[in-house]
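The structure under discussion appears below in the form of structure tokens.
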Amino acid sequence: MKQRMNVALKRWYSSERTKNAKPLILISNNQNIHFNLSLENFLLNNYSDLLKYLNVNTVEKFDNPVLFLWRNNRSIIIGKNQNIWSECNLENIKEDNVLVARRFTGGGAVYHDLQNLCFTFLNNTLNTDNNFSIILKTLKRHFAIDAKKQGRNDITVNDRKCSGSAFKKIKNVFLHHGTIMVNLQKDVLQMYLTPDKIKYIKHGVSSVNARTMNLKEVNPNITCQNLCHALIKEFQAFYKNEVSEEGEESHTTTLNVEDYNDGNEGATSSEQLSMNLKEGEKNLENLVDNSSPISSHFNIHYIDTNESITKNPEFLKYFNLLKDWDWCYGKTPKFQNRLCKQFNFGKFEVFFNVSDGMIKDGNIFSDCLDVNLVEQLKLIFNNDVKYSKDSVASFLSGLQVDNKETLSEISEWILQEL
């Protein structure tokens, strides 16, 4: 069966009918943000060899439009150059087991859940206007939603943002990816993306607190499933590669990509993924299933299991990098955090200068009579301490001071403010 699918796929890409455009559609079944961003980056960096990773025995180089559709379990994704402490309420994120990732592209911080559809366009020509046109036509023709492109990155409906994008170019391949808010749980945005009690002098990119909306507010009938169907139709139509309605053979096959089960909520089996969705929703694998007319007309590849990709050193490098503390937190631009509080034993003013996620230097000013306590606290600036609650707590607990009660009160305050 697998050999027959590969033959069909090779025939699809070598046929005269698809010689000019031959667009490719990929759908991920994995809902782990680290996995999907790793896969996306792998596809970008191996664009010309995509057919090889689709198990097609051919020397033909790939140079055609790609639409990659994917979703994630609850996640916060920050831009490559953002200050994670400035953009996120890390305490709430940790408490609710929300995954955090720093993507490879710029832009602002966003929240994902299963009612948020992610799209990625890959092409060897710069065509962001075409990509936006496909999305706008999809919303207008299939859901009667009058959306507009606003600025360089956003799509709005009635001046409210429903989609944001980011861009990247590498090796003459252009990536345009973004999100479409179908029925996102918006009430958690402030809880995860708006930090409180912290004043920063920021040098990174700051997210715009734009007014947002779900498309379901405009059209109650829209779902991630029928939006995927519509996007696929408009994507194929744009590149003039529609298939005849008169019973042509389906060339749908499967791109096998193994679910990387590392204990995160997104790395689960297809059966478990289905259970994670709201009642009435389908697994992303079934957004375009084999019984659907669209599946028999368009060249769709589901992302399931494939040892050759998940064990590929390049893929694993991206995956491990995205999960690494140094990438997610250490890549934060330089910033300063000032803490100030009046205790009954004196006033404390603490300045943290943070670079690469580490406390590099700073100062502590106080009128406290316990001089040794202040000097002990200042040691934090000379011990390569990570700017994280766990690391700071570990350092403070090891200080040698006479007044443990005073140290405990100061430590509790500092940790609350981080």
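So for the sequence shown, this note's numbering puts the first residue at -19; every next one is plus one. Note that beta-carbon positions come from the ideal geometry of N, C-alpha and C, so glycine has one too.
For D126 and M161, I'd like the C-alpha separation in whole angstroms. Against the sequence shown, residue 126 aligns to sequence position 146. Against the sequence shown, residue 161 aligns to sequence position 181. In a straight line, the C-alpha of D126 is about 15 angstroms away from that of M161.
Sort L173, N12, S371, T159 by Cα distance to N72 and report the nearest one. The residue you call residue 72 lines up with position 92 of the sequence shown. For N72, the nearest C-alpha among the options comes from L173.
What residues match up with H156 in a beta bridge as DSSP calls it? The residue labelled residue 156 in the question sits at position 176 within the sequence shown. DSSP, once it has assigned bridges, lists F101, F147 as partnering H156.
For the region 9 to 24 against the region 140 to 158, are there 3 or more C-beta pairs whose distance is under 8 angstroms? yes
Taking the DSSP output, what are the residues bridged to D167? Indexing the sequence shown from 1 puts residue 167 at position 187. Note: D167 sits in no beta bridge, so no partner.
Contacts around E214, its chain only, beta-carbon distance under 6 angstroms, and the 5 residues preceding and following it disregarded: By 1-based counting over the sequence shown, the position of residue 214 is 234. The residues are I114, K117, T118.
Should K129 be counted as a contact of the ligand MN given a C-beta to heavy atom distance under 7 angstroms? Within the structure as shown, the ligand MN is missing, as the structure has no ligands at all.
Measure the beta-carbon distance from I58 to C68 and round it to whole angstroms, keeping in mind my assumption that it falls under 8 angstroms. Residue 58 sits at position 78 when you count from the first residue of the sequence shown. Residue 68 sits at position 88 when you count from the first residue of the sequence shown. The pair is a contact, with the Cβ atoms about 7 angstroms apart (cut-off 8 angstroms).
Please report the straight-line C-alpha distance between L319 and V330, rounded to a whole angstrom. Counted from its first residue, the sequence shown places residue 319 at position 339. Counted from its first residue, the sequence shown places residue 330 at position 350. Taking the straight line from one Cα to the other gives about 5 angstroms.
Rounded to whole angstroms, what's the CA-CA distance from G342 to F361? Just pull it up for me. On the sequence shown, position 362 is the one that residue 342 refers to. On the sequence shown, position 381 is the one that residue 361 refers to. Approximately 6 angstroms between the Cα atoms of the pair.
Between F295 and T386, is the Cβ-Cβ spacing less than 8 angstroms? The residue labelled residue 295 in the question sits at position 315 within the sequence shown. The residue labelled residue 386 in the question sits at position 406 within the sequence shown. Contact flag unset, no.
Is the region 82 to 90 touching the region 294 to 311 in the sense that three or more CB pairs, one from each, lie closer than 8 angstroms? yes
Taking just the CA atoms, how far does F123 sit from I202? The residue given as residue 202 occupies position 222 in the sequence shown. The residue given as residue 123 occupies position 143 in the sequence shown. The straight-line gap from Cα to Cα measures roughly 7 angstroms.
Inter-residue Cα distance where the pair is N61 and L353: Residue 61 sits at position 81 when you count from the first residue of the sequence shown. Residue 353 sits at position 373 when you count from the first residue of the sequence shown. Going by the C-alpha atoms only, they are around 36 angstroms apart.
Check the DSSP bridge columns for G342 and list the partner residues they point to. Within the sequence shown, residue 342 is the residue found at index 362, counting from 1. In the DSSP output, where bridge partners are listed per residue, G342 has F332.
Under 8 angstroms, do T108 and R140 count as touching if we go by C-beta distance? Mapped onto the sequence shown, residue 108 falls at position 128. Mapped onto the sequence shown, residue 140 falls at position 160. Contact flag unset, no.
Using DSSP bridges, identify the partner residues of F48. The residue you call residue 48 lines up with position 68 of the sequence shown. DSSP lists L6, T100 as partners of F48.
Simplified DSSP state of R191, which is helix, strand or coil: Sequence index remark: in the sequence shown, residue 191 carries index 211 (1-based). If DSSP states are grouped into helix, strand and coil, R191 belongs with coil.
Can you list, in chain order, the residues of its chain with a C-beta nearer than 6 angstroms to that of V351? Leave out the 5 residues immediately preceding and following it. As a first step, residue 351 is located in the sequence shown; it is residue number 371 there, counting from the start. Counting only Cβ-Cβ distances below 6 angstroms, and skipping sequence neighbours, we find nothing.
Given a threshold of 16 other Cβ atoms within 10 Å of its Cβ, counted over all protein chains shown, does D382 qualify as buried or as exposed? As a working mapping, residue 382 is identified with position 402 in the sequence shown. The residue in question, D382, is exposed, as its Cβ has fewer than 16 Cβ neighbours within 10 Å.
Tell me the DSSP bridge mates of S55? The residue labelled residue 55 in the question sits at position 75 within the sequence shown. Beta-bridge pairing links S55 to L79, H92.
DSSP three-state assignment for Y172, whether helix, strand or coil: Counted from its first residue, the sequence shown places residue 172 at position 192. Helix.
What does DSSP give as the partner residues of V351 in its beta bridges? Walking along the sequence shown from the start, residue 351 turns up at place 371. Its beta-bridge partners do not exist; DSSP assigns none.
Ordered along the chain, which non-local residues of its own chain (more than five positions away) have a Cβ less than 7 angstroms from that of V198? For this step, residue 198 is matched to residue 218 along the sequence shown. Closer than 7 angstroms at Cβ, skipping near neighbours: I125, V137.
What is the DSSP secondary structure of D382, counted as helix, strand or coil? Your numbering for residue 382 matches position 402 in the sequence shown. Three-state DSSP puts D382 in coil, outside helix and strand.
Given V78, which residues of its chain have a CB within under 7 angstroms of its CB, disregarding the five upstream and five downstream residues? Residue 78 sits at position 98 when you count from the first residue of the sequence shown. If we look at V78 and ignore the five residues flanking it on each side, its Cβ neighbours are R54, S55, I56, Y172.
If you draw a straight line from the alpha carbon of L155 to that of S335, how long is it in whole angstroms? Stepping through the sequence shown from its first residue, residue 155 is reached at position 175. Stepping through the sequence shown from its first residue, residue 335 is reached at position 355. Taking the straight line joining both Cα atoms gives about 29 angstroms.
Determine the contact status of K196 and N163, defining contact as a CB-CB distance below 8 angstroms. Here residue 196 refers to the residue found at position 216 when the sequence shown is read from its first residue. Here residue 163 refers to the residue found at position 183 when the sequence shown is read from its first residue. It is a contact, given that the beta carbons lie within the stated cut-off.
Rounding to the nearest angstrom, what Cα-Cα distance links K384 and L207 in this structure? Numbered from 1 along the sequence shown, position 404 holds the residue referred to as residue 384. Numbered from 1 along the sequence shown, position 227 holds the residue referred to as residue 207. Their Cα atoms are separated by approximately 60 angstroms.
List the endpoints of the continuous alpha helix (DSSP H) containing I125. Walking along the sequence shown from the start, residue 125 turns up at place 145. Counting along the chain, I125 falls outside any alpha helix (DSSP H), and DSSP gives it neither H nor E.
Taking its Cβ as the centre, do 16 or more other Cβ atoms sit within 10 Å of L264, making it buried, or is it exposed? Locating residue 264 in the sequence shown gives position 284, counting from the first residue. Low local confidence applies: a pLDDT of 42 at L264 is under 50, so the model's placement there is unreliable, and no value is given.
Within this structure, are the beta carbons of I280 and I13 separated by less than 8 angstroms? As a first step, residue 280 is located in the sequence shown; it is residue number 300 there, counting from the start. As a first step, residue 13 is located in the sequence shown; it is residue number 33 there, counting from the start. Going by C-beta atoms, I280 is not nearer than 8 angstroms to I13.
Residues of its chain near K297, where Cβ-Cβ distance is below 8 angstroms and the 5 sequence neighbours each way are ignored: Within the sequence shown, numbered from 1, the residue matching residue 297 stands at position 317. Excluding residues within five positions, none has a Cβ falling inside 8 angstroms.
Comparing alpha-carbon positions, which option in R132, K340, L94, L102 lies nearest F315? Locating residue 315 in the sequence shown gives position 335, counting from the first residue. Ranking the options by Cα distance to F315, first place goes to K340.
Neighbourhood of S346 by C-beta, 8 angstroms cutoff - its chain only, sequence neighbours within 5 removed: The residue labelled residue 346 in the question sits at position 366 within the sequence shown. These residues qualify, in order along the chain: G326, K327, F328, E329, V354.
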